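K.L.:
Take a look at this one; I'll ask things after.
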Amino acid sequence: MARCPKLSGILLKRRLFYMAAIPRKPDDDVLRESLFEPSSFKLKQFSGKHKRGRPRVCWANEVFKHAVAVAGSQDSLRVSWQDTAAAQAAWQMAVQQHCESF
């Protein structure tokens, strides 16, 4: 019987690759502006009135938590998300290893 990768691992890998591509975009990109602070890898904090009950799950926050788990810390995540070929290759290998455990 062939061993197939789990769907949850495949989806997590795709989300992590996509999340890493967003900060590399220019500061005036709409998607980057909506998720990250300008010229930063810090997630944008949404302000305003919150409804009662449990807070809604935010896609960016959840994927960012996984990204920090892959990198080990926010500082090493910042290095991994740099726009260099070596950093991108290292990030892909780290994500591959992390997602195999899912």
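In this text, residue positions in the sequence shown follow our numbering: the first is 6, and each later residue adds one.
Note that the Cβ used here is the ideal one computed from N, Cα and C, for glycine as well.
Just so we're clear, the structure is a prediction, and the values are computed from it rather than from any experiment.
(1) Going by other Cβ atoms of all chains shown within 10 Å of its Cβ, with 16 needed for buried, is residue 8 buried or exposed?
(2) Could you compute how far the alpha carbon of residue 49 sits from the alpha carbon of residue 42?
(3) So the candidates are 29, 77, 38; which of them puts its Cα closest to the Cα of residue 88?
(4) Grab me the residues of residue 37's own chain with a C-beta within less than 8 Å of its C-beta, minus the 5 sequence neighbours each way, in chain order.
(5) To which residues of the same chain is residue 63 closer than 7 Å at the C-beta, ignoring the five residues directly before and after it?
(6) Suppose contacts are defined by Cβ-Cβ distances below 9 Å. Is residue 102 in contact with residue 22 by that definition?
(7) Any idea what DSSP makes of residue 107, helix, strand or coil?
(8) Using the three-state DSSP reduction, which class does residue 69 fall into: helix, strand or coil?
P.N.:
In this structure, then:
(1) Indexing the sequence shown from 1 puts residue 8 at position 3. With fewer than 16 other Cβ atoms within 10 Å, it is exposed.
(2) Within the sequence shown, numbered from 1, the residue matching residue 49 stands at position 44. Within the sequence shown, numbered from 1, the residue matching residue 42 stands at position 37. So the alpha carbons of these two residues sit roughly 5 Å apart.
(3) Sequence index remark: in the sequence shown, residue 88 carries index 83 (1-based). Checked all of 29, 77, 38; the closest Cα to residue 88 is 29.
(4) What you label residue 37 is simply residue 32 of the sequence shown in a count that begins at 1. In the same chain as residue 37, and ignoring 5 residues on each side of it, the C-beta atoms closer than 8 Å to its own belong to 27, 28, 30, 31, in chain order.
(5) What you label residue 63 is simply residue 58 of the sequence shown in a count that begins at 1. Excluding residues within five positions, none has a Cβ falling inside 7 Å.
(6) Locating residue 102 in the sequence shown gives position 97, where the first residue counts as 1. Locating residue 22 in the sequence shown gives position 17, where the first residue counts as 1. No, they are not a contact pair.
(7) Along the sequence shown, one-based indexing puts residue 107 at 102. DSSP places residue 107 in the coil class of the three-state scheme, outside both helix and strand.
(8) Translated into positions along the sequence shown, residue 69 becomes position 64. Helix, per DSSP.
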